[in-house]
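Residue numbers 0 to 387, in numbering that gives the first Met the number 0, belong to the letters of the sequence shown in order. The next block holds one structure in the form of structure tokens; read it before the comments.
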Amino acid sequence: MRWLAWWYLLDRCWRWLMIRRFFAKSQPPAPKRWPSIDLIQPLTHGVFDLTKTLQQRLTLSYTGQLQHYWVIDQADSQTFAVCSALQRKNPEQRITIIQVAPDWGQRASKLVKLQAALAQANSEVLWFIDDDVSLPVDGLNQALPYLLQPQGGAIFGLACYVNWRNLPSALMSNFVNANALPSYIGLAALTEPYTITGHQFALQRRVFEQIGGFSGMQGRIDDDHELARRVQAHGLRNLQTPLIYAVDNYFVDLPAYLQQMQRWFTIPRVLMLPDLNQHDQFVTSLTSLAQPIPTILALASIRQPKLRPWLLACLLAQLGLQRWQMQRYCQTKLPWWAWPLSIIGTLLDPLLMLWGLLGDDTIVWRGERIRLRRSASAQWLGKEQDHD
């Protein structure tokens, strides 16, 4: 069992080195002319402070022209009131509010909202951003040069979750913050990124149209993965940038948290991993094998107490890596009471991953039970209690 501990410790050291190397790279040169950007923002009323999020986006510093598209549900009068008030308060900003009819239930799907904005958008760069995401003030200027590199297809960044309002939200924030930078940067060091993180991403309009945009994606639940596949199919690159953005993702209870964890591992297993080439499948498996080692050591140490120092060493290595990356790159600190959750997450998250990877093909999304199919279509099985 000791060799497993050494494997995990070496894996943490390797990830530390990869993160340092990634952020030490020089940024591509700024363009001579900054292209215009359409910031396309599908909005859904939620628990987070939407007014604060949208107001922060209006303070984004961008050298070129920036147009905001706020896309909301027709029946969502509360979100419409928030958007209208901000539009009146900021007449100097280019803001377009678009109301969309529902395509199922009481809401319009995210894809329908994106398409509604695309029908009016006319800038050179299309930047898609979820409603619970906050970019740094200089985030657009920071990331755009990567998109303008030769063979640049799509760019995306790295998430830092910031919601600690209750236990389920804190568990999710801890999971993402412990794994996002080490996993995405580590994978990008060994292979070209084969997917796009859907929180926020950007493409040049001409590239988006060249690869077919969102055409033919109706009924799909993996639109970000499919867009990444189309980018690569046209000989272009999905580029991981050092842009770190904040996500205010609230979970009302533990079932909502568990459902999200299951979705995050079931959807790639069913809809993405089977279509990867052998190299990408191998690299993905290789970089994931060390993840359950602390859990294995914890279980084994129940009957073999001599393994407990090795377990402690692994836990300290993970906590040290997490604390270092959060302070140095995310420039944020965990609440003092959240550190025990980091230990719990290190031990329990691999079991939740296994649940998503080995379970059936059914997920719960927006209160609907959905069976995924390899064709990327989804079969709606019925309504459950909505935790989202």
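Backbone N, C-alpha and C fix where the C-beta goes; we use that ideal spot for every residue, glycine too.
So is residue i buried or exposed if we call it buried at 16+ other beta carbons inside 10 Å?
{"i": "P28", "result": "exposed"}
{"i": "R14", "result": "buried"}
{"i": "C12", "result": "exposed"}
{"i": "K305", "result": "exposed"}
{"i": "A153", "result": "buried"}
{"i": "T294", "result": "buried"}
{"i": "L186", "result": "buried"}
{"i": "Q66", "result": "buried"}
{"i": "R372", "result": "exposed"}
{"i": "E225", "result": "buried"}
{"i": "I369", "result": "buried"}
{"i": "G355", "result": "buried"}
When the Cα atoms are used, what is the spatial distance from residue i to residue j?
{"i": "C159", "j": "I266", "result": "21 Å"}
{"i": "A299", "j": "L351", "result": "19 Å"}
{"i": "R307", "j": "Q280", "result": "33 Å"}
{"i": "N140", "j": "G234", "result": "25 Å"}
{"i": "R228", "j": "M271", "result": "9 Å"}
{"i": "L253", "j": "Q330", "result": "28 Å"}
{"i": "W126", "j": "Q203", "result": "9 Å"}
{"i": "D10", "j": "T286", "result": "9 Å"}
{"i": "G215", "j": "V175", "result": "31 Å"}
{"i": "A312", "j": "L8", "result": "8 Å"}
{"i": "E367", "j": "Q217", "result": "17 Å"}
How far does the beta strand (DSSP E) with residue i in it reach, from first residue to last?
{"i": "E123", "result": "It is not in any beta strand (DSSP E) - E123 carries neither H nor E in the DSSP assignment."}
{"i": "H278", "result": "Run containing H278: none in the beta strand (DSSP E); it sits in the alpha helix (DSSP H), Q277 to L285."}
{"i": "T361", "result": "T361 to W364"}
{"i": "T240", "result": "R236 to V246"}
Which residues in the same chain as residue i place their Cβ atom closer than 8 Å to its Cβ, once the five residues preceding and following it in sequence are excluded?
{"i": "S341", "result": "N173, A177, Q317, L318, Q321 and L333"}
{"i": "V282", "result": "L186, L189 and T190"}
Quick one: give me the first and last residue of the alpha helix (DSSP H) that residue i is part of.
{"i": "P349", "result": "W338 to L357"}
{"i": "L7", "result": "In the sequence as displayed, the identity of residue 7 is Tyr instead of Leu. Here the alpha helix (DSSP H) through Y7 covers R1 to A23."}
{"i": "E191", "result": "Here E191 belongs to no alpha helix (DSSP H), and DSSP marks it neither H nor E."}
{"i": "F213", "result": "Per DSSP, F213 belongs to no alpha helix (DSSP H) and is neither H nor E."}
Who are the Cβ neighbours of residue i in its own chain at under 6 Å, not counting the five residues just before and after it?
{"i": "P181", "result": "R14"}
{"i": "Q64", "result": "S35"}
{"i": "D102", "result": "S108 and V111"}
{"i": "V269", "result": "D360 and L371"}
{"i": "G156", "result": "T240, L242 and Y244"}
{"i": "D129", "result": "H198"}
{"i": "D75", "result": "H44"}
Please list, in chain order, all residues of the same chain as residue i whose beta carbon is under 7 Å from its beta carbon, the five residues on each side excluded.
{"i": "V136", "result": "T58, L59 and S60"}
{"i": "Q324", "result": "I18 and L180"}
Is residue i near the ligand FMN, in the sense that its beta carbon is under 8 Å from a heavy atom of that ligand?
{"i": "R205", "result": "What this structure holds is no ligand at all, so the ligand FMN is not there to describe."}
Which residue spans inside the segment 99–174 form an unbroken beta strand (DSSP E) run of at least 3?
-> The segment 99–174 contains these whole beta strand (DSSP E) runs: 124–128 and 151–160.
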